[in-house]
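Structure, as C-alpha cells:
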DNA sequence: TGATCATTTCGCTAAATTACGAAATGAAAT
DNA sequence: ATTTCATTTCGTAATTTAGCGAAATGATCA
C-alpha cells in the first residue's frame, strides 16, 4: 500500500502556490537535459528566481522557502546548494509514479485492489459487488 | 490552464481519510460495469457502507458524510440518491485526467509549458534555460 | 576579517481544516 | 400520520496551515 507516500504528494500539490511552483519548474525543464547559454546543462532556477516568478518579490521570502521544502519533503522536487544559492529541480520520476497510482485507482487494477475482500480494514468484509461476502459490511 | 480544477483534486486527495475512501471505491469497481448477485449492474456502495469500511462505525458519521461531499465537489466521485440511501461511485475519468496532468508536469510538455516566457505571471519574463530572456527574473 | 548576499529559522497571527455529537431533514415503511 | 432509517446541517473545539517580518545562519567576496 503506497497510500502513505502518495497522500503527502497530494497534500503538497493541494496548495495553489505550491502547484504553481511545480508548474514553473516543469516549464524550466528541470530534471531534463537542457543546455544553457554557456553550453552546460541548466540545473534549474534558484529559490530566489522561483520566488520572483511566483510572488514578484525581488528576494526569496520565508513563505516560498517553506513551500519549497514542503515539496522537497514530499519527494516532488530536489533542492541542492550551489554556492550561496539553492537550485531547485523537479523530480520527474516522482510525478510519473503518482500519475501511475492515479491511473491504478481509476482502473481499479493491481495496486489498489484487494486480493481478498477482507483486506479492506478496519470494517472487514467488504460489501463486494460479486456477492460472495458472508458477513455484510454494516 | 487547468490548474484551478486540479489543485482542488489534489487537496481532496491530500487527506488520508479521503484517499482511503477513494481507494475503497476503486476496489468496489465503481464506475465500471460490474454485475451484482441479482444480475443487475452494481451501482456502488452506500455512504453508510463506505463509512463502515473506513471507520468501523455502524452508521454513517457526519465526518465521513463531509469527506464524501468534499470528494464530490472536487469532481472525483459521484453521489446519487437511491431511496433513503446515497450511492457512491468513482468518477474514473476525473482520475485519468488528473493523471495526465501529472504526466504533463513530469514531462514538461503541452499543458503546463508556457507558449511565451512572459506567460509566467506575476514575475514576468521567465528565467528560461534557453537564455533568450531580455529582462532577468530577479 | 568584515561585508554582503541567499536562504532559513523563529515568533506570531489569521484562516482553514478535521472531528464530534446533537438536532434537523428527506424518504420510505408501518 | 407516525415511525424509522440514512444522511445532512449546525455549533463548537482542537489542530494544522499559510503568511509575514525580524533575526540568525551559511557561503562567497573584498
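Residue numbers (this note's numbering), protein chains in the order written: chain P, 9 to 146; chain E, 9 to 146. No residue lacks a Cβ here, since even glycine has one placed at the ideal position from N, Cα and C.
Alpha-carbon spacing of residue i relative to residue j, whole angstroms
| i | j | result |
| --- | --- | --- |
| residue 117 (chain E) | residue 108 (chain E) | 11 angstroms |
| residue 70 (chain P) | residue 35 (chain P) | 23 angstroms |
| residue 72 (chain P) | residue 59 (chain P) | 6 angstroms |
| residue 80 (chain P) | residue 87 (chain P) | 7 angstroms |
| residue 28 (chain P) | residue 53 (chain E) | 36 angstroms |
| residue 90 (chain E) | residue 63 (chain P) | 48 angstroms |
| residue 33 (chain P) | residue 111 (chain E) | 14 angstroms |
| residue 12 (chain P) | residue 22 (chain E) | 10 angstroms |
| residue 50 (chain E) | residue 75 (chain E) | 22 angstroms |
| residue 14 (chain P) | residue 57 (chain E) | 24 angstroms |
| residue 93 (chain P) | residue 55 (chain P) | 7 angstroms |
| residue 25 (chain P) | residue 102 (chain P) | 19 angstroms |
| residue 77 (chain E) | residue 106 (chain P) | 23 angstroms |
| residue 18 (chain E) | residue 20 (chain P) | 8 angstroms |
| residue 68 (chain P) | residue 61 (chain E) | 45 angstroms |
| residue 30 (chain E) | residue 16 (chain P) | 15 angstroms |
Proximal chain P residues relative to residue i, where beta-carbon distance stays under 7 angstroms
| i | result |
| --- | --- |
| residue 74 (chain E) | Simply none; closest approach about 17 angstroms. |
| residue 70 (chain E) | Within 7 angstroms Cβ-Cβ: nothing; residue 70 (chain E) doesn't reach chain P, min ~16 angstroms. |
Contact list for residue i against chain E, beta-carbon separation under 8 angstroms
| i | result |
| --- | --- |
| residue 15 (chain P) | 21, 22, 23, 24, 27 |
Partner residues on chain P for residue i, Cβ-Cβ distance less than 8 angstroms
| i | result |
| --- | --- |
| residue 110 (chain E) | 103, 104, 106, 107, 110 |
Chain E contact residues for residue i, given Cβ-Cβ distances below 9 angstroms
| i | result |
| --- | --- |
| residue 100 (chain P) | 113, 114, 115, 116 |
First through last residue of the alpha helix (DSSP H) which encompasses residue i
| i | result |
| --- | --- |
| residue 84 (chain E) | Run containing residue 84 (chain E): none; DSSP gives neither H nor E here. |
| residue 54 (chain P) | Looking at the DSSP string, residue 54 (chain P) is not in any alpha helix (DSSP H), and its letter there is neither H nor E. |
| residue 69 (chain P) | Note, residue 69 (chain P): premise wrong, no alpha helix (DSSP H); not H, not E. |
Boundaries (first-last residue) of the beta strand (DSSP E) holding residue i
| i | result |
| --- | --- |
| residue 95 (chain E) | 93-98 |
Assumed close pair residue i, residue j - CB separation to whole angstroms, cut-off 8 angstroms
| i | j | result |
| --- | --- | --- |
| residue 114 (chain E) | residue 104 (chain P) | 5 angstroms |
_the region 95-102 of chain P in contact with the region 83-97 of chain E per 3-pair CB rule at 8 angstroms_ = no
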